[in-house]
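Below: the structure, in structure tokens.
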Amino acid sequence: MEHGLRYDSSLMGHDYAPYPCRTPDVTHDGGVRWGEPAGPLEIPVAWSLDDFPYLEFLRTPSGLMPGLRDPREMFASWRADLDYMVRDFEDGVLAVTMHPEVIGRGHRLLALERWLDEVASRGVEFVTCEQVADLVAAGADPGRYRPV
Numbered sequence: 064m065e066h067g068l069r070y071d072s073s074l075m076g077h078d079y080a081p082y083p084c085r086t087p088d089v090t091h092d093g094g095v096r097w098g099e100p101a102g103p104l105e106i107p108v109a110w111s112l113d114d115f116p117y118l119e120f121l122r123t124p125s126g127l128m129p130g131l132r133d134p135r136e137m138f139a140s141w142r143a144d145l146d147y148m149v150r151d152f153e154d155g156v157l158a159v160t161m162h163p164e165v166i167g168r169g170h171r172l173l174a175l176e177r178w179l180d181e182v183a184s185r186g187v188e189f190v191t192c193e194q195v196a197d198l199v200a201a202g203a204d205p206g207r208y209r210p211v
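So the mapping is simple: the numbering used here equals the position in the sequence shown, first residue as 1, plus 63.
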């Protein structure tokens, strides 16, 4: 890849399956012509799997993000996503986003420890985005939909 970029994790084109980034789509009166696969592997993210919207208060001139919720609510939501992924997707990738300045506060860290212990007890493997990119480059196809 140009500049050595092998993966990105900023798009939301799928829930649990990495996919190749592509050239821009073109819309026209007859529909859409999808772009061609190109560039790095996308490891998709979701706002619902990000700690910031749940836990941080943010006031801007255009609005308010209330945040400041109990971290157990966030982890319950993440647990539900994990339950669905494990049930219906083979080798799915659940990419959570945590900011040190957000999750790194006392009671939040305790909730994170409990959630990580629970996830680990289920036999779920923790890997980096780079490891996911390596697996896909080696021929793996994570996140295949296989509903129960």
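Every residue, glycine too, gets a C-beta built ideally from N, C-alpha and C. These numbers were taken from a predicted model, which means no experiment stands behind them.
Taking 3 residues as the minimum length, the beta strand (DSSP E) runs contained wholly in the stretch 110 to 143 are 121 to 123, 126 to 128, in order along the chain. Here residue 107 really is in contact with residue 78; their C-beta atoms are around 7 Å apart, less than 8 Å. Per the DSSP secondary-structure output, residue 189 pairs with nothing in a beta bridge. By the neighbour-count criterion, in which 16 or more other beta carbons inside 10 Å mark a residue as buried, residue 164 falls on the exposed side.
In the structure shown, residue 153 adopts extended strand secondary structure according to DSSP, grouped into three states.
Assignment of beta-bridge partners to residue 104 by DSSP yields 70, 83. No Cβ-Cβ contact shorter than 8 Å links residue 156 with residue 112. Residue nearest to residue 75 within the set 68, 69, 67, 84 is 84 (criterion: CA-CA distance).
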